[in-house]
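Note sheet for the following structure.
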Amino acid sequence: MPSDPTSRTSRHNHHHNHHQASRSPHRTSHPSHQPRSRSPHAHQSSRHKRKRSPAPLPLRAAPLSKNDYKTYKPLFASYLDIQKQLSVEELDEREVKGRWKSFVGKWNRGELAEGWYDTSMLQKAQQQQQQEQSASSPKLSTLPPKLHRRDVSKDAASPPSESSDSEIGPAPPSQPYNRRAGPAIPSIEDLEYRDDLRNQDRTTFTADIRYARKQERQSQKAALEELVPRADAGTRERQLEKKREITSALNAFREAKSPGAEEIGEGQLMGEDGAEVFKKRRREEERKKNEREIRKEEIMRARMAEREERVQEHRVKEEKTMEMLRAIARERFG
Numbered sequence: 010m011p012s013d014p015t016s017r018t019s020r021h022n023h024h025h026n027h028h029q030a031s032r033s034p035h036r037t038s039h040p041s042h043q044p045r046s047r048s049p050h051a052h053q054s055s056r057h058k059r060k061r062s063p064a065p066l067p068l069r070a071a072p073l074s075k076n077d078y079k080t081y082k083p084l085f086a087s088y089l090d091i092q093k094q095l096s097v098e099e100l101d102e103r104e105v106k107g108r109w110k111s112f113v114g115k116w117n118r119g120e121l122a123e124g125w126y127d128t129s130m131l132q133k134a135q136q137q138q139q140q141e142q143s144a145s146s147p148k149l150s151t152l153p154p155k156l157h158r159r160d161v162s163k164d165a166a167s168p169p170s171e172s173s174d175s176e177i178g179p180a181p182p183s184q185p186y187n188r189r190a191g192p193a194i195p196s197i198e199d200l201e202y203r204d205d206l207r208n209q210d211r212t213t214f215t216a217d218i219r220y221a222r223k224q225e226r227q228s229q230k231a232a233l234e235e236l237v238p239r240a241d242a243g244t245r246e247r248q249l250e251k252k253r254e255i256t257s258a259l260n261a262f263r264e265a266k267s268p269g270a271e272e273i274g275e276g277q278l279m280g281e282d283g284a285e286v287f288k289k290r291r292r293e294e295e296r297k298k299n300e301r302e303i304r305k306e307e308i309m310r311a312r313m314a315e316r317e318e319r320v321q322e323h324r325v326k327e328e329k330t331m332e333m334l335r336a337i338a339r340e341r342f343g
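Each number in my numbering corresponds to the 1-based position in the sequence shown with 9 added.
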């Protein structure tokens, strides 16, 4: 019985579709299974969402950056002076940049003490820097003597006014009041300079004596030539004089080159009292010993003076720091 061609075609299509479905089952799309997104923007957005906001700084202070160095330089210098015992002026540029970067990091993380975030602390540091700059600026004493006398005479002749007092003001003392009066103790550099001057004077004196002796010999030779004139050139007498001059020059050169006989004093030849020799040596040894002792005492005094000066500078610096901290405490706590 012949089959229907239409039914045969439908059965063939159905078999072909079922075979493709069995060989690749994953090709069928399901609405619940969608491909993952591997875009980096989605990962970054989720990471930004998890990032925390920076914690607020004490006293609602603003965070710092490397461009705020000029504004906060007085506070930074005060921080180094109090916390690290360092001076900004004595550090090189590279070390200052590194320490400023560390200070900014600690400031922004809130790791500093609460007092450093107070605006009054910055104002006190700025005022202290202005006072130091005004104290180190040249005063009337640095002017030439004539100009200084002229200005002083004008000030004495003119009546005092409020504007002049407010503009100039009293000059700060150049030295602390608790400094000792009287001559200062020489430092080690002063002692070395004095010894160099002494050695230079001794060398100059020896050179002057040698030059005077040389001039004296030349003058004696010139006087001798005036008394005994030279013979005429080309004569037998002149040839003999030249030979004598050459012989005397060679003898003088030989004597200068050879050490010669050692000079012995008259006391050793004729004999002298042994007690006098002993006393003389004793006095020489005492003189040298006294010079060494005096030299040691001078060096010890110079070192003690330098040590006292460093201690005094450290005390003055500590007193300024404590006064600034007391002022901040009075403003904050009354």
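Each residue gets a CB set at the ideal place from its N, CA and C atoms; glycine is no exception.
Nearest neighbour of residue i, chosen from the options [CA to CA]
| i | options | result |
| --- | --- | --- |
| Ala-338 | Ser-129, Val-113, Leu-84 | Ser-129 |
| Ala-122 | Ile-308, Glu-327, Ile-91 | Ile-91 |
| Gln-94 | Arg-335, Arg-341, Glu-322 | Glu-322 |
| Asp-127 | Lys-110, Asn-260, Gln-137, Leu-66 | Leu-66 |
| Gln-138 | Ala-86, Glu-102, Arg-103, Glu-104 | Ala-86 |
| Gln-142 | Asn-117, Glu-315, Glu-98, Thr-330 | Glu-98 |
Within 8 angstroms, strictly: CB atoms of residue i and residue j
| i | j | result |
| --- | --- | --- |
| Leu-68 | Val-113 | no |
| Pro-83 | Gln-135 | yes |
| Tyr-88 | Trp-125 | yes |
| Ala-64 | Gly-107 | no |
N-terminal and C-terminal residue of the alpha helix (DSSP H) that residue i is part of
| i | result |
| --- | --- |
| Asp-199 | 197-236 |
| Glu-102 | 102-118 |
| Ser-87 | 78-88 |
Integer-rounded CB distance, given that residue j should sit under 8 angstroms from residue i
| i | j | result |
| --- | --- | --- |
| Met-333 | Lys-115 | Contact flag wrong, Cβ pair sits at about 20 angstroms. |
| Asp-239 | Glu-250 | One detail in the question is off: residue 239 reads as Arg in this sequence, not Asp. Arg-239 to Glu-250, Cβ: 6 angstroms. Contact. |
| Ala-70 | Leu-200 | Their Cβ separation, rounded to whole angstroms, is 53 angstroms, which puts Ala-70 and Leu-200 out of contact at 8 angstroms. |
| Ile-194 | Ile-308 | Not really, about 11 angstroms apart at Cβ, beyond 8 angstroms. |
| Lys-110 | Lys-75 | 7 angstroms |
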